[in-house]
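Top line first, the protein sequences correspond to chains A and B.
Residues in the first sequence are numbered from 0 upward in steps of one, following numbering that gives the first Met the number 0.
Residues in the second sequence are numbered from 0 upward in steps of one, following numbering that gives the first Met the number 0.
C-beta: ideal position from N, C-alpha, C; glycine also.
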Amino acid sequence: MTASVSSSARPGTSQHEAPPSAAPSPKGKRAQRKLGRVPLRHRLRRDWVLLALCLPGVAYFGAFFYLPLLGNLIAFHDYQPFLGFKHSPYVGLQNFSALVEQPEFWTAVYNTLEITALQLLLYFPAPIALALLLNSLVGQTLRRFVQTVVYLPHFLSWVVVVAMFKQVLGGTGTVSSFLNDHGVGVGNIMTNPDTFKLLVTSQMIWKDCGWGAIIFLAAMASIDTAQYESAAMDGAGPWRRMWHVTLPGIRPVIIMLLMLRLGDILNVGFEQMLLQREAVGAEASEVLDTYVYFHGVVDGDWGMSTAAGLMKGVIGLVLILAANKLAHRFGEQGAYK
Amino acid sequence: MERPSCYGQGAKAVVLVLIVVAVGYPFLLALGTSLAGQEKLDANGGYVLIPEHPTFEAYDVLLQGGVVTRAAMVSVVVTGVGTVLSVLCTIALAYGLSRPGMVGGKPILLLVLGTFLFTPGIIPTYLVVQEFGMLDSYASLVLPVLLNVFNVIVVRAFFQGIPTELYEAARLDGAGELTILCRIVLLLSKAVIAVVGLFYGVSYWNSFFNALLFLNDSGKYPLQVVLRSYVVQGESINANAMGVNQLPPSISLQMAALILALIPILCVYPFLQKYFAKGVLTGVIKG
């Protein structure tokens with residue numbers, strides 16, 4: 000999304016230092032290109048301040064992104080902390096084959112996919128519905144008040160969100176006590192493994208539905224009002240205007256976000272699972288990320304859990320690229336060009 | 000337009016009230032419970048929405064020193080230092096990348112954008128932090144999450160939107176890159192930098208897993224981790240850890256701790272909302 004800007008803007012800047020015009024050279028194209036540019040040495044001297052400014056950022060991405068990326072190689076080693084990376088024996092794909100024989104791993108895969116499916120079904124449409132509702136409000140004050148309320152939970156930590164849910168839906172929570180006292184036996188919703196995935200999805204909706212609606216609201220605001228007027232002239236009621244004007248108007252945004260979501264399909268709320276694991280047990284709450292954490296950092300099975308993480312990362316990468324291809328196929332602008 | 004039907008209006012009103020209650024109720028419940036005394040809690044069987052005789056006892060105890068006070072201090076310092084460092088590095092990198100024609104600008108940009116595609120994973124990150132000798136240090140709460148690619152891109156896009164005439168005029172007047180950055184660019188981009196700073200601040204304040212992963216010494220735990228053991232896991236708060244003889248009801252203490260963790264968020268929220276409503280984010284997503 001940005002590459003085009005930097006390449007097109009390039010010639011303009013060095014103008015004041017570039018030689019006025021390169022004399023025609025007998026040595027051909029290559030030499031001509033060389034002459035047309037300021038030598039590297041000069042450019043370095045010119046840009047050293049900018050490079051120095053970039054240095055901390057580049058060092059950060061090198062140290063905490065690309066170095067760990069390389070560190071994924073321990074997925075192919077029998078990593079022993081006291082031996083270090085260099086001396087741990089190379090074992091090829093052994094970690095991967097051991098991994099796929101673990102039933103716990105498949106539980107994690109299954110839970111991850113189930114939660115993702117629930118999210119696509121319930122959590123993805125929720126912000127669209129909320130945005131449609133907010134968009135239909137005429138009074139600006141009311142609308143702003145509701146927005147202020149629903150955006151807030153996005154800024155809370157998962158610890159706070161889970162604690163909030165516990166005081167309402169936990170064993171002694173107000174709503175679950177009320178329901179239990181009035182003959183609807185819900186028990187302790189926070190520790191029930193059967194409904195845990197729905198609980199997790201509802202927590203995500205509570206936290207991020209409002210935040211997710213912002214982008215849809217922005218898209219709705221950019222729809223030409225003349226379309227609504229002519230639809231109304233043709234006798235379309237509010238529902239039909241929503242169906243035939245608003246929804247088609249935000250279709251590109253819906254598709255783009257759906258594609259982004261597809262690329263993110265294996266990330267299903269790591270902190271959320273970690274926080275509630277004790278309450279509902281590993282069987283219901285183990286997802287790929289928690290599997291990697293508990294088998295790796297906690298139990299010390301470094302190689303195998305890195306293999307699990309690497310598999311997740313590679314599948315995620317493939318999904319991102321595929322989703323982007325798919326978005327282009329739909330005729331929409333992908334997230335990455 | 001025709002007049003909306005009254006059924007439609009009624010249904011809309013009901014849904015709106017439900018939404019506002021679903022979001023607002025837990026906040027008020029936590030606040031009420033944190034201020035309630037023992038009798039009121041017993042009478043209500045657990046939680047209290049409206050305490051008739053509010054008492055700040057629970058807050059007094061929590062802030063008298065002891066575990067929660069120390070954790071809150073850790074969180075405040077980590078958030079403060081982290082935010083400043085993150086904002087400075089973000090500005091520097093974004094400015095470098097926003098200047099066209101810089102040597103190596105393209106590879107650096109690709110390096111930065113490449114981080115969108117892949118996540119390195121928990122274990123390699125842990126091992127790198129260990130390798131740098133940062134386990135069990137406060138640095139491990141800041142450095143591994145120093146920059147957020149998205150924020151860098153937002154700030155860079157904003158810098159690129161500043162008219163080139165301003166840069167050229169400044170350069171004609173003999174200003175170097177640093178002078179241009181400090182005297183012109185930063186003055187023009189106060190709003191976007193404020194937003195990015197607030198986002199960094201919120202994420203430092205809320206961060207929980209990094210502390211759990213990198214810290215062994217529970218004395219260094221930030222507020223979110225302490226909150227987790229007391230409120231989510233229901234570990235009982237003992238009087239010794241708080242440095243007092245007698246404790247207020249433990250549920251009030253838990254909720255008071257929850258509210259303490261919320262206060263900074265509530266304080267910055269109006270500013271955040273003011274800016275992101277203006278489309279700082281959506282503008283970038285569209286671009």
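With a threshold of 8 Å between beta carbons, residue 232 of chain B makes contact with chain A. Within the stretch 189-272 of chain B, the alpha helix (DSSP H) runs of at least 4 residues that lie entirely inside it are, in chain order, 189-205, 208-213, 222-226, 238-241. Under DSSP, residue 89 of chain A shares a beta bridge with A:76. Less than 8 Å divides the Cβ of residue 86 of chain B from the Cβ of residue 195 of chain B. Scanning its chain for C-beta atoms nearer than 7 Å, with the 5 sequence neighbours on each side dropped, one finds around residue 91 of chain A the residues 75, in chain order.
Looking at the backbone, the Cα of residue 67 of chain A and that of residue 219 of chain B are separated by about 25 Å. In this chain, residue 132 of chain B is not harboured by any alpha helix (DSSP H), its DSSP state being neither H nor E.
By the Cβ-count criterion, residue 232 of chain A is exposed, with fewer than 16 other Cβ atoms from all chains shown falling within 10 Å of its own Cβ. Burial state of residue 72 of chain B is exposed, judged by a 10 Å Cβ sphere holding fewer than 16 other Cβ atoms. With a beta-carbon spacing of about 29 Å, residue 262 of chain A and residue 78 of chain A fall beyond the 8 Å limit used to define contacts.
Using a Cβ distance threshold of 8 Å, residue 230 of chain A and residue 240 of chain A count as a contacting pair. For a cut-off of 8 Å, the C-beta gap from residue 226 of chain B to residue 158 of chain A is around 5 Å, short enough to register as a contact. Comparing alpha carbon positions, the residue from A:97, A:53, A:132, A:134 closest to residue 96 of chain B is A:53. Secondary structure of residue 41 of chain B (DSSP, three-state): helix. For residue 235 of chain A, the secondary structure class from DSSP, reduced to helix, strand or coil, is coil. Distance between residue 211 of chain A and residue 125 of chain A, taken at the CA atoms: about 9 Å. In this structure, the beta-carbon distance from residue 35 of chain B to residue 25 of chain B does not fall below 8 Å. Only those residues of the stretch 267-290 of chain A whose C-beta falls short of 9 Å from the nearest C-beta of chain B are listed: 269, 270, 273, 274, 275, 277, 278, 288. Fewer than three beta-carbon pairs drawn from the stretch 201-218 of chain B and the stretch 88-103 of chain B are found closer than 8 Å, and the two stretches are therefore not classed as touching. Going by beta carbons, residue 248 of chain B and residue 40 of chain B fall inside the 8 Å limit.
Between residue 320 of chain A and residue 111 of chain A, the C-beta gap is not smaller than 8 Å, which leaves the two residues out of contact. Around the beta carbon of residue 172 of chain B, fewer than 16 other beta carbons sit within 10 angstroms, so the residue counts as exposed.
When rounded, the separation of the alpha-carbon atoms in residue 261 of chain B and residue 162 of chain A is 12 Å.
In this structure, DSSP gives residue 197 of chain A a helical state, which the three-state scheme calls helix.
Closest in C-alpha terms to residue 282 of chain A, from the list A:295, A:193, A:260, A:250, comes A:193. Against chain B, the beta carbon of residue 97 of chain A has no neighbour under 8 Å; the closest one sits roughly 16 Å away.
In the three-state reduction of the DSSP assignment, residue 159 of chain A falls in the helix class, which pools H, G and I. Nearest to residue 119 of chain A by C-alpha distance, out of A:323, A:217, A:238, A:196, is A:196. Taking a contact as a CB-CB distance under 8 Å, the pair residue 221 of chain B and residue 140 of chain B counts as one, their CB atoms being some 7 Å apart. Residue 328 of chain A does not reach chain B, its nearest Cβ partner there being about 20 Å away, counting only Cβ pairs nearer than 8 Å. Boundaries of the alpha helix (DSSP H) around residue 32 of chain B: 5-34. Secondary structure at residue 64 of chain B: coil, using DSSP grouped into helix, strand and coil.
Residue 67 of chain A: member of the alpha helix (DSSP H) spanning 66-70, first to last residue.
Classified as buried, residue 206 of chain A has 16 or more neighbouring CB atoms from the shown chains inside 10 Å of its CB. Around the beta carbon of residue 204 of chain B, 16 or more other beta carbons sit within 10 angstroms, so the residue counts as buried. For residue 149 of chain B, the nearest beta carbon of chain A is not closer than 8 Å to its own beta carbon.
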